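Peer 1: Sharing a structure here in structure tokens format.
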Amino acid sequence: MDKALMPALGNLAWIPHAATERLEILDRFNGVPTLGVLKQPDADHLFWRAVGYVPDRFSIWIYAPIDDDDTNHLEECEPADLLEGLVFHASRPRYVTVGIAEDNRLVFEREWLLPESHAPEDVRLDLLQFLLEALRIAKAQGLPPGRRDVVDRATRAVREMTLTGCG
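Heads up, the sequence shown is in our numbering, so the first residue is 18 and it goes up one at a time.
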């Protein structure tokens with residue numbers, strides 16, 4: 018089983034964990050890293066901003082553990098195919114961590130079983146639906162007021178992303 022990354026809330030979305038030894042940036046948008054590899058002592062992870070800045074300040078990130086074969090794929094493929102086989106049209110289901118960031122700082126994270134063989138639009142739709150359910154469960158668990166406010170804002174943002182077909 019893959020070892021999913023457990024990001025620390027409050028960290029930058031592209032540096033989600035203090036144990037990150039090195040960051041390889043594969044793509045940026047307006048200077049912000051949106052795709053890359055986190056090098057860590059126990060396992061490397063691909064990070065990808067799956068949905069960005071809609072509405073306003075929210076973005077959704079996927080952190081997928083990668084092995085040597087995945088690393089070879091990233092080194093040898095064309096830039097347009099970086100996510101192919103790792104996130105899109107994956108040959109097997111894989112546990113990943115998904116995070117919601119507000120102003121590029123992580124405010125929510127959950128582990129998710131990324132389905133195999135999903136096309137890009139299916140990955141995003143399933144991801145948004147999963148997050149809505151995870152946020153609903155978190156709210157039902159009786160969060161403290163400050164945390165509840167963050168989860169409420171994130172829920173509204175993810176709901177809007179789902180309704181507008183963001184991705």
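Every residue gets a Cβ at the ideal spot worked out from N, C-alpha and C, and that includes glycine.
Source: prediction; values computed, not measured.
How big is the Cα-Cα spacing for F147 and W129?
Peer 2: Their Cα atoms are separated by approximately 8 Å.
Peer 1: Straight-line CA distance for R173 to L180?
Peer 2: For R173 and L180, the distance between alpha carbons rounds to 11 Å.
Peer 1: Put V124 into one of helix, strand or coil per three-state DSSP.
Peer 2: strand
Peer 1: With DSSP run on the structure shown, which of helix, strand or coil describes P50?
Peer 2: strand
Peer 1: The beta strand (DSSP E) that contains D61, what's its start and end?
Peer 2: 61 to 69
Peer 1: In angstroms, rounded to a whole number, what distance separates the CA positions of D86 and G159?
Peer 2: 42 Å
Peer 1: Assuming A136 and H106 form a contact by the criterion Cβ under 8 Å, report the distance between their Cβ atoms to the nearest whole angstrom.
Peer 2: 7 Å
Peer 1: What does a CB cutoff of less than 6 Å around G69 pick up in its chain, not counting 5 residues either side in sequence?
Peer 2: S76
Peer 1: Please go through the same chain and pick out, in chain order, the residues whose beta-carbon is closer than 7 Å to the beta-carbon of R39, but skip the five residues on each side of it.
Peer 2: K56
Peer 1: Since A35 is in the beta strand (DSSP E), which residue starts that stretch and which ends it?
Peer 2: Per DSSP, A35 belongs to no beta strand (DSSP E) and is neither H nor E.
Peer 1: If we ignore side chains and look at the alpha-carbon of each, how far apart do G163 and C94 end up?
Peer 2: 44 Å
Peer 1: Between E133 and V115, how many whole angstroms is the CB-CB distance? I'm expecting something under 8 Å.
Peer 2: Not confirmed; about 17 Å, so no contact.
Peer 1: L63 to G27, Cα distance in whole Å?
Peer 2: 19 Å
Peer 1: Considering only their Cβ atoms, is the gap separating I42 from D61 smaller than 9 Å?
Peer 2: Judged by beta-carbon spacing, I42 lies beyond the 9 Å limit of D61, meaning their Cβ atoms are not closer than that value.
Peer 1: Quick one: Cα of E150 to Cα of L142, how far?
Peer 2: Distance between the alpha carbons of E150 and L142: 13 Å.
Peer 1: Between L91 and the ligand NAD, is the CB less than 8 Å from at least one heavy atom?
Peer 2: Within the structure as shown, the ligand NAD is missing, as the structure has no ligands at all.
Peer 1: In chain order, what residues of the same chain lie with their CB nearer than 6 Å to the CB of M23, ignoring the 5 residues before and after it?
Peer 2: Listed in chain order, the non-local C-beta contacts of M23 below 6 Å within the same chain number zero, local neighbours out to five positions each way being set aside.
Peer 1: Grab the span of the alpha helix (DSSP H) containing E92 for me, first residue to last.
Peer 2: 85 to 93
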